[in-house]
Amino acid sequence: MKEDIGGVSVKMEDGLAEKNEKVGYVKRVIIKKKKHCHGSKVKKPISNKALQKLFVSCMETFKGPDTVPSTKHVQNLCHILDNMKPEDVGLSKDIQFFKEENIVKENPRVTYSTVYKCDNFSLCIFFLPTNGVIPLHNHPGMTVLSKLLLGQMHIKSYDWVDPDVSHNLLNQPSQLRLAKLKANKVFTSPCDTSVLYPNTGGNIHEFTAITPCAVLDVIGPPYSKDDDRDCSYYKDHLYTAFPNGEIAELKEENDSYAWLEEIEMPENSQMDGIEYLGPQIIET
Ligand SMILES: [Fe+2]
């Protein structure tokens, strides 16, 4: 299978990404230097100051599962991300993928690159072509900072009113849970970083690309099926579609609420992974 992120062209075979040298990432510079007095050459990947600063701050911020970072740490991360540019992760608006005329007619698939991953956090870039969608999904027990590096996208997000209470309002086995709308707006890069927490800030969200987009996500801790942090998908129903007397009396602004039904991963929403070819993180 071959995937194209404009200039980023990657052949996927047996889970391995095969690099095409005509990639859209800014080419990784290989510094060759003499190693001691033996004269042998070593490869040193190029790093990036802002990305390295982000990594160091993530190391200080994320302490592992069942922890939520302090406000001070999150503010610091936001400040770093607010100032990050596409070039800090090897991208540029001039890459073919990000040209507005680059419209994928059929099945605009979303692609992702993992910049770094450890037990406590991961750094991921998601590439959405025009009309590409990351459907409504949750981040159980996670804190996520999202920085739209390039493009324009619509973000809709919800938080549970009470995560433990579900209602049997459908004539189906699936239950509905009440959620409050937190965001429903268009973001255009460059824009500030958005933050979601385990129970606030819009933990359940959906991205829809208006133009080709790249989003850098800092996720702590990462998804883990073994650790009970699997991703669930949802369909939102109008709050007024299932009036529930008791709750209706409490909620005056019906527009701010919705019923969320857990669903299987929507068809065509499987993402393809591509190799990250931008500046490298140096583990200190
Ligand atoms: Fe997400």
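Sequential numbering from 6 applies to the sequence shown in the numbering used here. Where is the CB? At the ideal position from N, CA and C, for every residue including glycine. Being a predicted model, the structure only gives us computed values, none of them experimental.
Should residue i and residue j be called a contact, given that it needs their Cβ atoms to be closer than 8 Å?
i	j	result
Leu201	Val149	yes
Phe67	Phe126	yes
Gln157	Thr216	yes
Met270	Val115	no
Leu181	Glu266	yes
Leu155	Val94	no
Val109	Pro203	no
Leu82	Gly283	no
Asp164	Gly225	no
Where does the unbroken beta strand (DSSP E) through residue i begin, and where does it stop?
i	result
Phe132	Ser127 to Leu133
Thr66	Unbroken run through Thr66 is the alpha helix (DSSP H), Lys54 to Thr66; no beta strand (DSSP E).
Tyr202	Where Tyr202 is concerned, there is no enclosing beta strand (DSSP E), given that its DSSP letter is neither H nor E.
His172	Premise fails: His172 is in no beta strand (DSSP E) and is neither H nor E.
Gly225	Cys218 to Gly225
His159	Gln157 to Trp165
Glu211	Ile209 to Ala214
Asp232	Per DSSP, Asp232 belongs to no beta strand (DSSP E) and is neither H nor E.
Ser118	Thr116 to Lys122
Which same chain residues end up closer than 8 Å to residue i when comparing Cβ atoms and leaving out the 5 residues on each side of it in sequence?
i	result
Leu86	Leu59, Leu150, Lys152, Thr198, Leu221 and Val223
Cys42	Note on Cys42: pLDDT 41, under 50, position unreliable in the model; the coordinate value appears next. Once the five neighbours on either side are set aside, Cys42 has no close Cβ partner at all.
His142	Ile209, His210, Glu211, Cys236, Ser237, Tyr238 and Tyr239
Between which two residues does the alpha helix (DSSP H) containing residue i stretch?
i	result
Ile85	Thr76 to Asp87
Going along the chain, which residues of its own chain have a beta-carbon closer than 6 Å to the beta-carbon of residue i, five neighbours each way excluded?
i	result
Ser274	Pro140
Arg234	Pro145, Gly146 and Tyr228
Pro113	Pro134, Asn136 and Gly137
State the CB to CB distance for the pair residue i and residue j, rounded to an integer number of angstroms; the pair is presumed to be in contact (CB under 8 Å).
i	j	result
Ala184	Ile209	7 Å
Leu128	Tyr117	Not quite, the Cβ-Cβ distance comes to about 11 Å (not below 8 Å), so this is no contact.
Spatial neighbours of residue i within its chain, please: C-beta separation below 7 Å, excluding the five flanking residues on both sides.
i	result
Ser179	Glu266 and Glu267
Ile287	Ser52 and Gln57
Beta carbon shell of ligand 1 at less than 7 Å from a heavy atom: Ile139, His142, His144, Val149, His210 and Asp222
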